[in-house]
Amino acid sequence: TIGRNKELHMTFIAMISMEDCVVLAADRETFSIYTSGSSEPSGVMARKITETEDGFVTASGLVELIDPVKSRFDSESPKDVEHMLAIIAEEQQRLALHDSKLAGVWIPKSTWKLSLPMGRGVVAVFYDPTAHSLGGLRPGSVMMTYPGEVPTDEKMYVDGLFPQGRFIKPSESEISKAIDQILLAVTFLRECGRPVSREIDFAIHWGSEKRKIELLA
30 TIGRNKELHM TFIAMISMED CVVLAADRET FSIYTSGSSE PSGVMARKIT
80 ETEDGFVTAS GLVELIDPVK SRFDSESPKD VEHMLAIIAE EQQRLALHDS
130 KLAGVWIPKS TWKLSLPMGR GVVAVFYDPT AHSLGGLRPG SVMMTYPGEV
180 PTDEKMYVDG LFPQGRFIKP SESEISKAID QILLAVTFLR ECGRPVSREI
230 DFAIHWGSEK RKIELLA
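The sequence shown maps to residues 30 to 246 in the numbering used here.
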């Protein structure tokens with residue numbers, strides 16, 4: 030009998046980096062993994078952006094790995110890269126001890142995206158599982174995470190909605206345009222039959238201001 034093994038959040042996430050501003054977006058779709066290795070939408074909607082003392086964090090991957098990291102970022106408020114990477118490594122090890130096979134599949138596929146005050150402004154930060162490192166996204170750059178079944182041509186179309194350098198100087202008008210483009214991308218993916226929810230959660234971290242909004246695509 031094929032039964033449900035684990036729940037995962039392979040999801041649509043967008044991160045837009047501006048100067049002293051980060052826009053994060055995440056859909057609410059979740060998936061179930063079966064012992065056969067297949068997956069399907071679970072029917073459970075989840076909010077995937079967590080507000081911390083310092084900024085926001087969201088993630089894609091196995092819920093049993095990504096959620097403990099988000100929770101610890103919230104409760105421990107790590108102030109340096111070493112502490113952040115230590116939290117991720119400890120939770121990866123915890124998963125490996127619990128289920129080495131699952132860890133072998135999902136540690137390389139699970140990643141986090143954050144907004145953080147650093148130096149003189151807010152920066153967009155992402156975790157690279159291949160290098161086990163945190164990198165910064167340059168202002169004017171966009172990073173997308175897609176559900177696994179989105180083909181290359183559809184990704185190229187969505188990426189084309191966000192030409193590099195389009196969003197650099199933050200303003201209410203530019204942030205609104207960025208949000209509109211993300212909703213346009215979601216509408217396109219849904220029309221292509223991809224499992225992305227209409228409900229999209231946004232987090233805007235601009236200078237000392239943090240706010241969250243919910244919109245429908």
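Note that CB positions come from ideal geometry on N, CA and C, so glycine has one too.
Being a predicted model, the structure only gives us computed values, none of them experimental.
Collapsed DSSP secondary structure at residue i in the structure displayed
{"i": "ILE208", "result": "helix"}
{"i": "ALA214", "result": "helix"}
{"i": "ILE62", "result": "strand"}
{"i": "THR30", "result": "Confidence is the limiting factor: at THR30 the pLDDT is only 31, short of 50, which leaves the residue's position unreliable, though a coordinate-based value still follows. DSSP places THR30 in coil when its eight states are reduced to three."}
{"i": "ARG123", "result": "helix"}
{"i": "VAL110", "result": "helix"}
{"i": "ARG223", "result": "coil"}
Proximity of residue i and residue j at Cβ, strictly below 8 Å
{"i": "SER106", "j": "GLU82", "result": "yes"}
{"i": "ASP230", "j": "GLU243", "result": "yes"}
{"i": "GLY84", "j": "HIS234", "result": "yes"}
{"i": "VAL179", "j": "ARG223", "result": "yes"}
{"i": "ASP49", "j": "GLY150", "result": "yes"}
{"i": "VAL225", "j": "PHE60", "result": "no"}
{"i": "MET47", "j": "PHE191", "result": "no"}
{"i": "TRP141", "j": "VAL110", "result": "no"}
{"i": "LEU114", "j": "HIS161", "result": "yes"}
{"i": "GLY169", "j": "GLY194", "result": "yes"}
{"i": "VAL187", "j": "LEU143", "result": "no"}
{"i": "PRO158", "j": "SER129", "result": "no"}
{"i": "ALA54", "j": "ILE211", "result": "yes"}
{"i": "MET44", "j": "SER89", "result": "no"}
Range of the contiguous beta strand (DSSP E) that encloses residue i
{"i": "GLY133", "result": "Taken as a continuous stretch (DSSP letters only), GLY133 belongs to no beta strand (DSSP E), being part of the alpha helix (DSSP H) at 129-135."}
{"i": "PRO70", "result": "68-70"}
{"i": "ARG240", "result": "238-245"}
{"i": "MET44", "result": "42-47"}
{"i": "ALA228", "result": "First, the residue type needs correcting, since residue 228 is Glu and not Ala in the sequence shown. Unbroken beta strand (DSSP E) run through GLU228: 228-235."}
{"i": "CYS50", "result": "50-56"}
First through last residue of the alpha helix (DSSP H) which encompasses residue i
{"i": "ILE95", "result": "92-105"}
Residue(s) in a DSSP beta bridge with residue i
{"i": "VAL86", "result": "THR79 and LEU143"}
Segments of 3+ residues assigned as beta strand (DSSP E) that fall wholly inside the stretch 146-203
150-157, 162-166 and 171-174
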